[in-house]
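When we follow our numbering, the leftmost residue of the sequence shown carries the number 38, and every step to the right adds one. Take a look at the structure below.
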Amino acid sequence: MEKRLFNFSSGPAVLPVPVLERIRDEMLCLPGCGASVMELSHRSKQFIAIQESAKQRLIRLLNIPSDYDVLFLQGGSRLQFSMVPMNLLRGQSNPAQYIVTGTWGKYAVGEAKKEGVVEVIYDASATNYDRLPSQEDLKISSNGAYVHVTSNETIQGVQFQHDLESPIPVVCDSSSDIFYRPIDVTKYGLIYACAQKNAGPAGVTVVIIRRDLLDRSSDALPGYLNYKNHSKEESMWNTPPTFAVYALGLVAEWLEKDIGGLQAMHKINIEKAKTVYDAMDRHPTMYLGHAQKKDRSLMNATFRFANENLEKSFLAQAQEAGLDSLKGHRSVGGIRASIYNAMPMAGVQLLAQLMDDFAAKNA
Ligand SMILES: Cc1ncc(COP(=O)(O)O)c(C=O)c1O
């Protein structure tokens, strides 16, 4: 077999090796099923058990109270940019409030505006989204249908490390950082996350919704786009993405059993991010961080080179060392190291070593 690279892709992204091995071992014949998971009817008792077990693991990991439902949907987070306002804003007398701290939040606003009145209560575009507001900066009005926030902006690498306080339901796009730390779910009305960054393969999107908010969904909505249908039918309103749900469940099992839960995961993530940022900060004349220090993401570390001509050579040397997909998004430039839960410490250490060596050679 060819050697695995350390994959710093922003998504679809690195998965835990024990999960991949388990999928490989169970691919032809899932224990007790005589078939692969992809060949099972979603109505079979075996698949229903797989989906229920994935749901229960999410509930345990995130400590989700019983007045919330967990849905497994398709269409990625971009569909949630539309489904959220279709279900929670249509027919409401108050506007939706959006906190825009990066590219994804901006896209979410674009879709919400098609559905109703939107107030952007914070927008960091003037500084190319290098910072976050403090809780005090945010003037969340109680006359709002909900407030939307992106907990981690994947492109810019800025991340809230706390749950927001708000008088109205908080809707959180947690696509690139679900499971990176324990959160207080009761502080949220709705959390959504496509799986392909920190939770599994592409194809499934997790939606955690406070059940009372389901009452806002109008029966006039197209069936698939109505959260109420998915809740009532336990994510079986249509055929769920069975393989992706199975793999998501395995990632959740890995987090529970191998890692020891989200508190332990958080500690590891702090350590990994510190390793990269310390390397950046040791060479301030070489590496220029995009995010302000206080707002740095534990998931996506972004930096540019003071001398932009060095970028190509750094990327080539990284590739040579087995460090893959480090090129930053074109809107930020430079390097983006996505260091999600499944990125091993060894990958991060190798990157930090390269950063030190490269800075020494090119000073
Ligand atoms: C924070 C965030 N929101 C939304 C999306 C869009 O997700 P999807 O491609 O699953 O629609 C992404 C990444 O692709 C993301 O990083």
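Where is the CB? At the ideal position from N, CA and C, for every residue including glycine.
For Gln354, the uninterrupted alpha helix (DSSP H) run begins and ends at Glu348 to Glu357, by DSSP. Between Asn100 and Val222 the beta-carbon gap is near 6 Å, inside 8 Å, which marks them as a contact.
Checking the DSSP bridge columns, you'll see Phe118 has no partner listed.
For Asp167, there is no enclosing beta strand (DSSP E), as DSSP gives it neither H nor E. Take Phe340, set aside five residues on each side of it, and the residues of its chain with a beta-carbon closer than 7 Å to its own are Met317, Tyr324, Leu325, Gly326, His327, Gly371 and Ile372, in chain order.
By the C-beta criterion, the stretch 261-280 is judged not to be in contact with the stretch 188-195, since fewer than 3 inter-stretch pairs fall below 8 Å. Judged by DSSP in its simplified three-state form, Asp249 adopts helix. Secondary structure note for Ala301: its alpha helix (DSSP H) is the uninterrupted segment Leu299 to Arg319.
Note on geometry: alpha-carbon atoms of Ala310 and Ile376 lie some 7 Å from one another. With a minimum length of 3 residues, the unbroken runs of beta strand (DSSP E) contained wholly in the stretch 89-114 fall at 105-110. Under the rule that a run must span 3 or more residues, the beta strand (DSSP E) segments found entirely inside the stretch 366-395 read 372-375. As the crow flies, the alpha-carbon of Val313 is around 45 Å from that of Lys269. Going by DSSP, His185 is part of the beta strand (DSSP E) stretching over Val184 to Thr187. If you draw a straight line from the Cα of Lys234 to the Cα of Ala284, it is about 13 Å long. Across the set Leu299, Tyr166, Ser212 and Ile177, the C-alpha of Tyr166 shows the shortest separation from the C-alpha of Ser368. In this structure, Gly153 keeps its C-beta atom at 8 Å or more from the C-beta atom of Leu175. At a cut-off of 3 residues, the continuous stretches assigned as beta strand (DSSP E) that sit fully inside the stretch 227-295 are 227-231 and 242-247. Classified as buried, Ala182 has 16 or more neighbouring CB atoms from the shown chains inside 10 Å of its CB.
In this structure, Phe45 keeps its C-beta atom at 8 Å or more from the C-beta atom of Ser334.
Under DSSP, Leu360 shares a beta bridge with Phe43.
Asp106 has its alpha-carbon roughly 54 Å from the corresponding atom of Ala400. Looking at the DSSP output, Asp160 sits in a beta bridge with Val137. The alpha carbon of Gly286 has as its nearest neighbour, out of Val243, His303 and Pro321, the alpha carbon of Val243.
According to the DSSP assignment, Arg341 belongs to the beta strand (DSSP E) that extends over Asn337 to Phe342. When the five nearest sequence neighbours on each side are left out, the beta carbons in the same chain lying within less than 7 Å of the beta carbon of Gly139 are those of Tyr166, Thr187, Glu190, Ile192, Gln193 and Val195, in order along the chain. Inter-segment contact for the stretch 111-121 and the stretch 155-172 is absent: fewer than three beta-carbon pairs are separated by less than 8 Å.
In terms of Cβ geometry, Leu388 and Leu352 do not form a close pair [threshold 8 Å]. The beta carbons of Val51 and Ala379 sit about 5 Å from each other, so the pair counts as a contact at 8 Å.
Glu202 carries a coil assignment under DSSP once its states are collapsed to helix, strand and coil. A direct Cα-to-Cα measurement between Asn180 and Ile205 gives close to 8 Å.
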